[in-house]
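When we follow the working numbering, the leftmost residue of the sequence shown carries the number 5, and every step to the right adds one.
Cβ coordinates follow ideal geometry from the N, Cα and C atoms, glycine included.
If you're wondering where the values come from, they're calculated on a predicted model, not measured in any experiment.
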Amino acid sequence: MNEPLVLGIETSCDETGIGIVRGTQLLANEVASSMDEHIRFGGVIPEIAARAHLEAFTPTLRKALDTAGVELRDVDAIAVTAGPGLAGALMVGLSAAKGLALAAGKPLYGVNHLVAHVAVALVEDDDDGSPLAPSTAALLVSGGHTEILRVGSLTDDMELLGSTIDDAAGEAYDKTARLLGLGYPGGPAIDAAARQGDPRAFRFPRGLTMPKFEGTAQSPGKHRHNWSFSGLKTAVARAAEQFEAQGLPVPVADLAASFQEAVVDVLTAKAVRACREHGLTSLLLGGGVAANSRLRELLAERCADAGIDLTVPPIPLCTDNGAMVAALGAQLVSAGAQASSLEIPADSSLPVDQILR
Numbered sequence: 005m006n007e008p009l010v011l012g013i014e015t016s017c018d019e020t021g022i023g024i025v026r027g028t029q030l031l032a033n034e035v036a037s038s039m040d041e042h043i044r045f046g047g048v049i050p051e052i053a054a055r056a057h058l059e060a061f062t063p064t065l066r067k068a069l070d071t072a073g074v075e076l077r078d079v080d081a082i083a084v085t086a087g088p089g090l091a092g093a094l095m096v097g098l099s100a101a102k103g104l105a106l107a108a109g110k111p112l113y114g115v116n117h118l119v120a121h122v123a124v125a126l127v128e129d130d131d132d133g134s135p136l137a138p139s140t141a142a143l144l145v146s147g148g149h150t151e152i153l154r155v156g157s158l159t160d161d162m163e164l165l166g167s168t169i170d171d172a173a174g175e176a177y178d179k180t181a182r183l184l185g186l187g188y189p190g191g192p193a194i195d196a197a198a199r200q201g202d203p204r205a206f207r208f209p210r211g212l213t214m215p216k217f218e219g220t221a222q223s224p225g226k227h228r229h230n231w232s233f234s235g236l237k238t239a240v241a242r243a244a245e246q247f248e249a250q251g252l253p254v255p256v257a258d259l260a261a262s263f264q265e266a267v268v269d270v271l272t273a274k275a276v277r278a279c280r281e282h283g284l285t286s287l288l289l290g291g292g293v294a295a296n297s298r299l300r301e302l303l304a305e306r307c308a309d310a311g312i313d314l315t316v317p318p319i320p321l322c323t324d325n326g327a328m329v330a331a332l333g334a335q336l337v338s339a340g341a342q343a344s345s346l347e348i349p350a351d352s353s354l355p356v357d358q359i360l361r
């Protein structure tokens, strides 16, 4: 089966995504977000997200099928995010996918959310999707994840090179935006405020970048490809408190710009270093924070200087969506991978090297 028609279901967080692809050709990508329901809480509430998936699933599915001009009986397989993600949200998508697979007699593929973010790079509106380069890395940056991966094969070879040891980058944006009074979600708010500020106004820490000493020699240490953002968030809070204590207005734009520069500086520097040290000449940027203008700009500059080919999918495909799940499912079907059991559970901490559940 060279060009399998695959339905993809994504419910790992607060987006209900249904995508349909034929091989690498994108036929439909419908997303219903419950973001507005979480704003007053300043973050995603798992129970609210799960209920929103229940309400949005059927209309989103119908819209995707109508957009693609196909019916459920036409698809060759159903792919669904099995993890990582919010357990309750994952269970909604998995339960729906199992029901559809059983009712329609279609094979089910429970796939890894992080690997799906990489697979979406293959998707095109026409039928000429580009294959991944043989030596590829993926930098995934979102509210729940910050990882650098080595991609040997989408179907059987994925390696985690580094990740955050505390807050994800998007989580740090949300928390910092809250303390600066910029609201939720924090990513777009800080990005907008930063355009009016000076990124050099404050020199905030770059976590896990100081070299370690082994005897008299310097070494990057065991966290050479890892990130830490909790100290940065605290530094912003302390800076704001100093102005408040003196009765001075808090320079929100400068703080936002300086915070953002610290985040994107360490993200891009470590991603490029990981590529160099592992001989990876292509890099994919994905995840919700991939929409950040400064991250895209600085990563493009540093990749160009290092001779690394950078791929950034369109923003609707960077954020959580069903098309990426369908794309990975299509790759697995084409590779002859064994389908998942209808009894697979949701795995909120599914490791990245486990591509198929």
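Would you identify the three-state DSSP class for residue i, choosing helix, strand or coil?
i, result
"R306", "helix"
"D269", "helix"
"R204", "coil"
"M162", "strand"
"D351", "coil"
"Y188", "coil"
"T28", "coil"
"R228", "coil"
"L336", "helix"
"I169", "coil"
"L69", "helix"
"F45", "helix"
"T140", "strand"
"R210", "coil"
"E245", "helix"
"E59", "helix"
"L360", "strand"
"E128", "strand"
"Q264", "helix"
"A198", "helix"
"A221", "Per-residue confidence for A221 stands at a pLDDT of 48, beneath the threshold of 50, marking its modelled position as unreliable; the derived number appears in the next sentence. A221 falls in the strand class under three-state DSSP."
"G148", "coil"
"P318", "coil"
"L183", "helix"
"C17", "coil"
"D4", "With the chain represented from 5 up to 361, any question about residue 4 goes unanswered, as that position is not in the structure."
"S38", "coil"
Measure the Cβ-Cβ separation of residue i and residue j and say whether it is below 7 Å.
i, j, result
"V122", "T28", "no"
"R77", "A108", "yes"
"L302", "T323", "no"
"P260", "P203", "The sequence given here has Ala at residue 260, not Pro. Contact: no."
"Y113", "A343", "yes"
"A330", "G103", "no"
"N33", "A295", "no"
"L287", "L314", "yes"
"V79", "L11", "yes"
"G333", "A83", "yes"
"S232", "L252", "no"
"H117", "T85", "yes"
"V145", "V293", "yes"
"A36", "T62", "no"
"V48", "D70", "no"
"G340", "D258", "no"
"G190", "D171", "no"
"P317", "A125", "yes"
"V96", "L143", "no"
"F247", "V240", "no"
"A176", "L186", "no"
"P111", "A81", "yes"
"T180", "F263", "yes"
"T3", "I319", "Nothing can be reported for residue 3, as the shown portion of the chain is limited to 5 through 361."
"L98", "A350", "yes"
So residue i and residue j are supposed to be a Cβ contact under 8 Å. How far apart are they, rounded?
i, j, result
"S139", "G283", "6 Å"
"A100", "I13", "6 Å"
"H227", "A278", "Incorrect: roughly 12 Å between the Cβ atoms, too far for contact."
"G87", "S353", "7 Å"
"L165", "I152", "5 Å"
"V276", "C307", "7 Å"
"R280", "A310", "6 Å"
"A243", "F206", "6 Å"
"D364", "I348", "In this structure the chain extends from 5 to 361, so residue 364 is not present and cannot be described."
Based on DSSP bridge pairs, tell me the residues matched to residue i.
i, result
"D313", "S286"
"A83", "G12 and Y113"
"N33", "G23"
"E75", "DSSP output for E75 lists no bridge partner at all."
"L153", "A142 and L164"
Is any non-hydrogen atom of the ligand NAD found closer than 6 Å to the C-beta of residue i, if you look at the structure I gave you?
i, result
"A142", "This structure lacks the ligand NAD, and indeed carries no ligand of any kind."
Checking contacts by CB at 7 Å: is residue i closer than that to chain D?
i, result
"V84", "In the structure shown, chain D does not exist; there is a single protein chain."
Evaluate the contact criterion for the segment 85-97 versus the segment 46-63: three or more CB pairs, one atom per stretch, below 8 Å. yes
If we count Cβ pairs, one from each stretch, closer than 8 Å, do we get three or more for the segment 236-243 versus the segment 253-269? yes
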